[in-house]
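Right, one structure below, let's go through it.
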Amino acid sequence: MKYILARLGLGIVTIWGAVTAVFLALHAVPGGPAAIILQGGAGGGDVNPAAVEALEKELGLDKPVLEQYVTYLGRLVTGDLGNSIKYSAPVTDIIAAPLGNTVVLVILAVIIGAVVGIGLGMIAGNWPGSVLDRIISGLLSIAVSTPGFVIAIFLSIYLGTRLGWFPSLGFTPISEGVGPFLYHAFLPSLALSFGFLAMLGRVTRTSILTVRREDWVRTARGMGLSPARVFRRHVFRNAANPVITVSGLQIGALLGATVLIEQVFNWPGIGSTLLNAINSRDYPLVQGIVIVFSVVFVVANLIVDMLYRLLDPRVEG
Amino acid sequence: MRKPIARSPQRARFSPGRAKRYAALAAAAAVVLTTGLAGCATDTGTGSSGGAEGQVLTYGLSAEPSGFKTGVDQGSANKEMLTLVRRGLLMYDGTGEVAPALASEYEVSDDGLTYTFTLRPDLKFSNDDPLTSADVKRTFEYLADENNGAADQTSFANIASIDTPDDSTVVLNLTDPQTSLPKVLAGPLSAIVPEEDVDANGVPIGSGPFMITEYNKGVSFTLEANPNYYDADSVQLDGIDVTFMADAQTRVKALLDGQVQFIDYVSASDYESLESSDGVTLARAPGLYGTLQFNLTDGPLAEPQVRQAIAYALDLDSLNQVGTLGYGTAFGGLPVPSDSEYFNEEQAHHFDRDTDKAKDLLSEAGYPDGGFSLDLLTTSQYFGFTERAQVIQSNLAEIGITVNLVTGDYANLIANGNSGNYDMLVGGPPAAINDPSSLSGAFLGGPTFVRSYGIDESLYADLLAQGAKTPDGPERVDIYNQIGEIYLEDVPFVTWGQGTVGFAYSDDVQGFEMLSGPIVYSSVYSLSNASIAG
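Those protein sequences? They're chains A and B, same order as listed. Quick note on numbering: the first sequence equals residues 0 to 316 in numbering that gives the first Met the number 0. Quick note on numbering: the second sequence equals residues 0 to 533 in numbering that gives the first Met the number 0.
As structure tokens, this is what we get:
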């Protein structure tokens with residue numbers, strides 16, 4: 000319990016650090032929301048500087064950065080993420096829907112990645128050096144080194160446009176049915192899963208290979224246990240730890256990878272929202288999303304640690 | 000791996016860990032299965048048709064508008080939406096001519112100082128509020144107030160007073176004649192707005208052919224035909240489903256895959272593939288002007304000869320080639336469209352490339368062989384900016400000027416451009432109408448990123464004011480020629496021509512008409528008469 004509390008405390012410090020870093024970075028980057036709102040995007044035109052100043056004052060952006068920071072933190076501890084500048088609505092309202100859409104992608108990607116990645120890793124690890132192992136290892140190497148958005152474009156063009164099996168881009172709200180929603184979510188999730196899948200596959204393979212060489216596995220075999228039982232009882236369970244660790248750490252990477260993949264599929268998730276928020280210098284919205292990302296990261300790490308202890312009581316707290 | 004497990008002679012004891020693992024696998028299988036099955040069962044592309052019974056156009060819009068501040072030029076996506084949901088006294092027809100809109104007719108007094116507009120009877124906003132002369136008066140007074148940031152505030156500032164003798168008559172009394180006034184009033188930013196111009200959901204209310212009935216933040220607008228539109232019978236579309244698609248390639252793909260029927264802001268790099276694709280039409284036209292802006296306040300760029308030298312050193316054809324892939328129009332001189340009667344061919348070729356002359360001018364200015372370096376501010380966010388910056392860099396290297404590229408997103412360009420934190424900037428002057436009076440935006444109005452920093456406004460102000468009130472004709476042409484001559488000496492920025500703007504749509508879409516020049520985004524006005532075949 001003490002361990003968990005300490006870890007939670009550390010997590011909060013991490014989140015505070017991320018918020019502060021992003022706050023300072025955003026305010027250090029040239030360009031403010033008032034100018035963007037008034038001058039717009041491409042093709043935007045002339046505007047009176049007096050109007051920009053007036054809007055900055057209205058938004059409270061004329062105050063010193065430190066004052067804005069303290070005000071922001073003050074609200075944050077009460078659970079208030081503030082109002083989005085672009086949408087003039089609470090950040091929590093703005094990010095709810097896109098966050099949900101992204102979580103679906105991440106969950107689907109984790110499932111696809113876990114099933115396929117661990118499966119392939121187990122096959123390769125159990126028959127090391129075989130043709131199958133070589134093919135799988137080669138494919139995993141390609142998958143791990145190809146950027147997610149490249150895979151996304153490839154899938155969108157081939158499975159989407161050419162073969163027409165899935166929509167090449169777009170989105171249907173879940174309110175119009177779970178089926179159509181998941182149908183649109185499949186390709187982006189698949190694209191997102193590749194890096195995760197490859198990482199899991201490689202770790203699983205290596206881990207199984209290592210465990211298979213352990214003395215106690217040889218002993219178990221020597222005792223006449225069936226290969227399947229040896230695998231289940233002795234190899235798989237012991238090989239699972241690094242797999243779980245990597246999975247947890249990869250959750251953060253998955254969230255990050257959504258930013259570009261969502262662009263390719265025009266998927267209205269939190270990644271697209273973040274990109275738009277940065278382009279429009281919507282400070283509260285960017286910070287809100289960063290907080291969500293940090294929380295996910297911290298919680299994922301915490302869960303990994305707990306699982307680790309659960310699976311292997313020798314891990315010290 | 001199932002087989003060996005099933006054959007195992009000894010049954011494994013129940014363990015919670017294993018049960019969880021199996022449960023997770025089962026869940027995974029279920030989801031994957033559901034996804035696959037759903038895929039087989041339903042084939043609904045995003046917004047495809049949106050309803051079998053009606054004519055609903057699906058529209059991939061290049062950006063989610065950053066709000067709808069009345070009169071403020073917030074970019075192309077914003078203007079496109081405004082042409083759909085709002086109306087002004089006048090509008091543009093499919094040829095770019097000023098046409099009646101809320102006002103069925105208007106009269107100009109002989110001295111050009113009084114405009115009398117007659118509103119159509121029983122006008123209403125989409126929220127059922129009546130639209131009367133009082134709304135026109137209030138809107139124009141708002142647009143004239145410089146604190147409100149209207150893009151064309153100076154055009155409205157010339158209105159001395161507004162009389163509203165009755166609900167359907169508006170009389171504008173001008174301080175000076177204003178040749179361009181009808182064109183200003185026809186622009187989407189001059190639309191008449193109700194007292195509460197934006198509703199609780201942050202969508203604009205107007206009296207245009209369509210109204211926004213749903214705003215799904217970050218995703219889409221749903222538009223329905225506005226029954227209160229004065230010409231509702233001529234509107235054939237029942238609605239428009241607008242999906243925000245920030246990525247240029249995504250829009251093209253969505254059009255080609257049939258997920259949307261109409262897209263805006265087509266990048267020149269996609270023209271060729273769209274032109275050769277069956278079933279889609281590409282409409283393109285010259286758009287806004289591009290210029291290399293200067294910070295004239297100090298250093299070598301404060302010397303007119305240095306600026307002239309740079310003008311002689313730039314290769315406009317290469318700039319056009321890389322910035323628009325050759326689809327734009329390359330010309331120098333004043334930023335006036337090449338098809339305008341105010342375009343001066345001779346001035347446009349004054350600075351035809353001549354690096355020897357450029358070097359001589361640098362020597363005259365005290366910089367033999369150049370020998371100085373300049374920061375060139377650009378952006379990587381939109382196509383054509385960095386590409387042009389690289390050409391400028393190599394052009395100026397030939398006359399001994401070292402150019403350092405400073406790049407970032409568009410917000411960065413705006414911020415540094417507004418504060419004069421640059422030596423040179425890839426940009427362009429603002430222009431809302433196809434009229435030479437819009438040149439004032441290039442020279443007057445204080446520092447912003449759309450104008451060279453530290454420009455000597457006094458060189459141009461009087462002539463620009465004179466041009467604005469002179470009726471079209473030879474006398475007016477002469478005034479703008481004079482301005483052009485001053486420009487060629489002063490060179491506060493170097494013009495490289497007009498960019499290109501493209502819309503693309505499915506062949507089923509009929510009635511869209513492309514305009515050109517600064518009013519190119521007003522092309523979307525024509526969707527009020529568009530229809531979908533088949």
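Every residue gets a Cβ at the ideal spot worked out from N, C-alpha and C, and that includes glycine.
Whole-Å CB distance - residue i paired with residue j, under 8 Å assumed
| i | j | result |
| --- | --- | --- |
| D263(B) | A247(B) | D263(B) to A247(B), Cβ: 10 Å. No contact. |
| G251(A) | N100(A) | Not confirmed; about 18 Å, so no contact. |
| I211(B) | V202(B) | 4 Å |
| S527(B) | P208(B) | 4 Å |
| N534(B) | D166(B) | With chain B represented from 0 up to 533, any question about residue 534(B) goes unanswered, as that position is not in the structure. |
Min CB distance residue i to chain B below 7 Å
| i | result |
| --- | --- |
| Q38(A) | yes |
| K85(A) | yes |
| N82(A) | no |
| V289(A) | no |
| I302(A) | no |
| N265(A) | yes |
| A252(A) | no |
| A299(A) | no |
| T70(A) | no |
| L136(A) | It is worth fixing the name first, because residue 136(A) is Ser in this sequence and not Leu. S136(A) does not count as touching chain B. |
| P187(A) | no |
| I35(A) | yes |
| T91(A) | no |
| W15(A) | no |
Residue-chain proximity (residue i, chain A), Cβ-Cβ < 7 Å
| i | result |
| --- | --- |
| G182(B) | According to the sequence displayed, residue 182(B) carries Lys and not Gly. False, the Cβ-Cβ gap to chain A never drops below 7 Å. |
| A388(B) | no |
| Q258(B) | yes |
| S65(B) | yes |
| M513(B) | no |
| Y21(B) | Residue placement at Y21(B) cannot be trusted, given a pLDDT of 43 that sits under 50; what the coordinates show is reported in the next sentence. Answer no: the Cβ-Cβ gap between Y21(B) and chain A never drops below 7 Å. |
| K356(B) | no |
| V197(B) | no |
| D240(B) | no |
| P429(B) | yes |
Where residue i meets chain B, residues with beta-carbon distance less than 7 Å
| i | result |
| --- | --- |
| G30(A) | A410, N411, I413 and A414 |
| S167(A) | K252 and D256 |
Alpha helix (DSSP H) segment containing residue i, residue limits
| i | result |
| --- | --- |
| V143(A) | V130 to S144 |
| L180(B) | L180 to A185 |
| A176(B) | Looking at the sequence itself, residue 176(B) is Pro, so the reference to Ala does not match. Segment: none, P176(B) is in no alpha helix (DSSP H) and carries neither H nor E. |
| Y307(A) | Y282 to L310 |
| N240(A) | R236 to V263 |
| G112(A) | V90 to N125 |
| D61(A) | Careful: D61(A) lies outside any alpha helix (DSSP H) and carries neither H nor E. |
| G466(B) | A460 to K468 |
| T153(B) | Q152 to A156 |
| I309(B) | P303 to A312 |
| L7(A) | K1 to A27 |
Proximal residues of chain A, C-beta to C-beta of residue i below 8 Å
| i | result |
| --- | --- |
| E145(B) | N47, A49 and A50 |
| S275(B) | None at all; the shortest Cβ gap to chain A is about 16 Å. |
| A467(B) | None at all; the shortest Cβ gap to chain A is about 16 Å. |
Any non-hydrogen atom of the ligand GTP within 6 Å of residue i CB
| i | result |
| --- | --- |
| D314(B) | Summarising the ligand content, the structure contains no ligands, and the ligand GTP is consequently not present. |
Partner residues on chain A for residue i, Cβ-Cβ distance less than 9 Å
| i | result |
| --- | --- |
| G325(B) | Ordered by position in chain A, no residue passes the 9 Å Cβ test against G325(B), which lies about 20 Å from the chain. |
Extent of the continuous beta strand (DSSP E) run through residue i
| i | result |
| --- | --- |
| A503(B) | F492 to S505 |
| F153(A) | Element bounds for F153(A): not the beta strand (DSSP E) but the alpha helix (DSSP H), G147 to L154. |
| R283(B) | V279 to F293 |
| I400(B) | I400 to V405 |
| V425(B) | M423 to G426 |
| S439(B) | Careful: S439(B) lies outside any beta strand (DSSP E), inside the alpha helix (DSSP H) at S439 to F442. |
| F330(B) | First-last for F330(B): undefined, no H or E at that position. |
| L376(B) | F371 to L376 |
Chain-ordered neighbours of residue i on chain B, where CB pairs are closer than 9 Å
| i | result |
| --- | --- |
| Q262(A) | A245, D246 and T249 |
Contact list for residue i against chain A, beta-carbon separation under 7 Å
| i | result |
| --- | --- |
| G447(B) | According to the sequence displayed, residue 447(B) carries Thr and not Gly. The answer, in chain order, is D45, V46 and P48. |
Where residue i meets chain D, residues with beta-carbon distance less than 8 Å
| i | result |
| --- | --- |
| Q152(B) | Going by chain labels, chain D is absent from the structure shown, which instead holds the protein chains A and B. |
Chain-ordered neighbours of residue i on chain B, where CB pairs are closer than 8 Å
| i | result |
| --- | --- |
| R280(A) | A410 |
Checklist entry - If you scan the region 198-274 of chain B from start to end, which runs of the alpha helix (DSSP H) of 4 or more residues do you find wholly inside it? => result 247-255 and 270-274
Checklist entry - Curious, which full-length beta strand (DSSP E) runs of at least 3 residues does the region 43-125 of chain B contain? => result 55-60, 89-91, 97-99, 102-107 and 113-118
Checklist entry - Going along the chain, which unbroken runs of the alpha helix (DSSP H) with 4 or more residues stay wholly within the region 201-236 of chain A? => result 214-221
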